[in-house]
Amino acid sequence: MFSQNHSSCCSLLLIVFFFFFFSSIGALALEVAVKAAVGAPNVLGDCPFSQRVLMTLEEKNVPYQMHLINLSHKPKWFLQVNPQGKVPVVKFGNKWVPDSDVIVGILEKKYPKPSLTTPPQFTSVGSNIFSNFVTFLKSKNSSDGSEQALLTELKALEKHLKAHGPYVAGKKVTAVDLSLAPKLFHLDVALEYFKKWTVPAELTNVLKYKKLLFSRKSFKKTKTARKYIIASWEPKVNP
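Spelled out as C-alpha cells, the structure:
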C-alpha cells in the first residue's frame, strides 16, 4: 500500500516538475514575428531578413516562439505592436523591435556566446549583391548592364573568399555570413527559375561558400521551400 502511494506521489511530482519546467522555457523564449509563405499562411515564408534573425537565434541556441505573419492580411495585434507592419520584429522585454540589423545587434549583446561578431573590416563584404540581384532579376533588357553589375559583385566576393575564406571572416561563421546566406539562396532559386541563370562555375570559392552556408543546421531549419520563393518573386518579375 505504501509502495503504491509512494509511486503515485513520485509520478505526480514528476508531472508537476515537467509542467513548470516546460512552462518556464516557454516564458523565457523570445517572441519573433516573421513572414508567412505566400499562399500558405501557416508555413514559414521567404523573407531573407526574417531568416537572418532566425539563423542567428539558432546559432546562439536561443529559444524562441515564432509568429507567422500573413503580410496580405496582417493581424490587428501585429499592427498594434508594430504599426509599420514590417517583418522581422522581436519582442525584447515589453518592446517589439523591428529591423534585422538592430535585432541582430541586440542579440549579440544579450547573448554574447557564441560570438557572431564580424570584424569591422569585413562587415560590408557582399553587401551589394542582393540589390544587384534584384535589379538583374527584374530586368527585361539583356544589354542594360545589370547582369554584369551582379557578376562584378560576385567576383569581388570570390576574390575575398579566396584570400580569407572559407567564411567571410575566416574559419568561423559570423553575422555577415548569416546575412548573406538567405540572400544567396534567393539569388540561386529566383535566377535559375526566371532567367535560367546560375553562378558561373569559375567562381569556385563562391560555390563552395554557398554549399557551406546551405549545409548549416541553422539554415536548413529556417529555410522555406523553393516554391514559396518563386511565388513571392513572381509578381515583382512579371507585374
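Take the sequence shown: its letters are residues -29 to -1, 1 to 210, numbered as in mature numbering (1 follows the signal peptide of the UniProt record, and there is no 0). The beta-carbon is built from N, C-alpha and C at its ideal position, and this holds for glycine as well.
Going by DSSP, N176 is part of the alpha helix (DSSP H) stretching over 175 to 185. Taking the C-beta atoms as reference points, A7 is found nearer than 7 Å to G16. For the pair of segments examined, the region 126 to 141 was found not to touch the region 64 to 73: the number of CB pairs separated by less than 8 Å stays below three. For P90, there is no enclosing alpha helix (DSSP H), as DSSP marks it with neither H nor E.
With respect to the C-alpha of K207, the residue from F104, A(-1), V68, T145 having the closest C-alpha is F104. At a Cβ-Cβ threshold of 7 Å, T94 and V9 do not count as neighbours. For A172, there is no enclosing alpha helix (DSSP H), as DSSP gives it neither H nor E. In the structure shown, H44 adopts coil according to DSSP, grouped into three states. For N103, the uninterrupted alpha helix (DSSP H) run begins and ends at 100 to 109, by DSSP.
In the three-state DSSP reduction, V139 falls in the coil class, being neither helix nor strand. For a cut-off of 8 Å, the C-beta gap from K194 to F165 is around 19 Å, too long to register as a contact.
For A4, the enclosing beta strand (DSSP E) starts and ends at 1 to 8.
With a cut-off of 8 Å on Cβ pairs, the region 54 to 64 is not in contact with the region 108 to 127, counting fewer than three such pairs. Burial state of A140 is buried, judged by a 10 Å Cβ sphere holding 16 or more other Cβ atoms. Here M37 is bridged, per DSSP, to V3.
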